[in-house]
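Just below is one structure, and these are the notes that go with it.
Residue numbers (our numbering): 3 to 305.
So, in C-alpha cells, the structure goes:
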C-alpha cells in the first residue's frame, strides 16, 4: 500500500523497517519526509532526513515482518551505514545493499535524500545468488545506478501507480538492480571464460523449455568438458544448475505477472521446463514467497 510520511512509536522510526532512533535523531526527523510505494512485491521508500543516528538490533529485528535485502541509493548528501564489522559511506549517486536479518547502524551527518528499495530476500537471490557477496560493499555511481535512480525518481513522483504498472516497474527495478550489483560480483578471470559464460547463459535462455537441459548437455553444445563449465560458473558464485533454475523461474515470474494474463500457469510451467505443476508451484513459492496463482490473483485483485 502506498503511503505518505513516517511513523515514530516511542523511540522507533517506522518509515520502512523498524529503526531505533538514537539521542540526536529526533531533531533530524523534524526535517524529514518520506513516501512508500509498492512496486509489485518490492517496496520503494523515498525519504529526506536531517542529521540523525539510528540502529537495528535484536528488538528491531524481532519487530520486522519478513526478510529483505535493502538497497539504498543516495540522491543527495551522505549516509554512513554499518553492519557487522563493516562501515560504508554512501554519497550522491552511489548505492549500497544491506541485509534486514542482521543488525545495522545508520548515521546521517547532514541532510540526505535517498531511495530505499526493499526486495524480498527470496527474490533478491535472482539478483545475487549469494547476497553476502554483495551486501555492505560500496557500489560506485555508474550508468547503471543513474538509470536506476531515474526509474526510481519517476516511480516515486506523482499519483500512485495502478497494480499492473507497479508490478512492471518492480520487474524493471529488479533487472537494473542486477546490472548495478554485477559491478561488484565476481567475474570470470579471462576473456575466454567471459565468452564461454556468455554463450552458456545465452544457450540456457534460448532453451528453457528443454526438460533435459543440464550441465552435461550445455557442455556438449559448447564443446567443453563439464569440469571446464563448472569452473567457469564457480568463478561467478552461481553453479550451472542454480543458473538454469534461476533463469527458468525469472522467465516464469515475468509471464505470470503479465496483465491481463496471456497464458495459463500450466502452459508457462511447461514453457520454462517444468513437467510437474506442483513442483513448479513449490519452486516458484521458494523463489518469490508466493505461488504463481497467488501472484496472479494478487495482481488481478489489486487492479
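The beta-carbon is built from N, C-alpha and C at its ideal position, and this holds for glycine as well.
Exercise. Any chance the region 172-186 sits against the region 202-212, with 3 or more Cβ pairs inside 8 Å?
Worked result: no
Exercise. If you draw a straight line from the alpha carbon of residue 56 to that of residue 196, how long is it in whole angstroms?
Worked result: 42 Å
Problem set entry | Residue range of the alpha helix (DSSP H) that includes residue 223 | 217-224
Exercise. Would you call the CB atoms of residue 95 and residue 79 closer than 8 Å?
Worked result: no
Exercise. Could you give the residue range of the beta strand (DSSP E) that holds residue 106?
Worked result: 106-110
For this session: Could you say if the region 48-55 and the region 86-106 meet the contact criterion of at least three C-beta pairs nearer than 8 Å?
Result: no
Exercise. Within this structure, are the beta carbons of residue 171 and residue 297 separated by less than 8 Å?
Worked result: no
For this session: Please confirm whether residue 239 and residue 132 have their CB atoms less than 8 Å apart.
Result: yes
For this session: May I ask you to report which of helix, strand or coil DSSP gives residue 54?
Result: strand
Exercise. Taking 7 Å as the line, does the beta carbon of residue 241 fall inside it for any heavy atom of the ligand ADP?
Worked result: Judged by which ligands are present, the structure shown has none, so any question about the ligand ADP falls away.
Exercise. From which residue to which residue does the alpha helix (DSSP H) around residue 195 run?
Worked result: 193-208
For this session: Find out if the Cβ-Cβ distance for the pair residue 293, residue 169 is shorter than 8 Å.
Result: no
Exercise. DSSP three-state call for residue 294: helix, strand or coil?
Worked result: helix
Problem set entry | Residues near residue 59 by beta carbon distance below 8 Å, same chain, minus five either side | 22 and 105
Problem set entry | Cβ shell of residue 287 (< 7 Å), same chain only, five flanking positions each side left out | 293
Exercise. What is the rounded straight-line gap between the Cα of residue 301 and the Cα of residue 199?
Worked result: 35 Å
Problem set entry | With 16 other Cβ atoms within 10 Å as the buried cut-off, status of residue 62 | buried
For this session: Using beta-carbon positions only, say whether residue 127 and residue 254 come within less than 8 Å of one another.
Result: no
For this session: Counting only the same chain and skipping the five closest in sequence on each side, list residues whose C-beta sits under 8 Å from that of residue 224.
Result: 198, 201, 202, 205 and 231
Problem set entry | Check whether residue 117 and residue 77 have beta carbons under 8 Å apart | yes
Exercise. Residue 74 and residue 98 look like a contact to me (Cβ under 8 Å); what is the Cβ gap, rounded to whole Å?
Worked result: 5 Å
Exercise. According to DSSP, is residue 174 helix, strand or coil?
Worked result: helix
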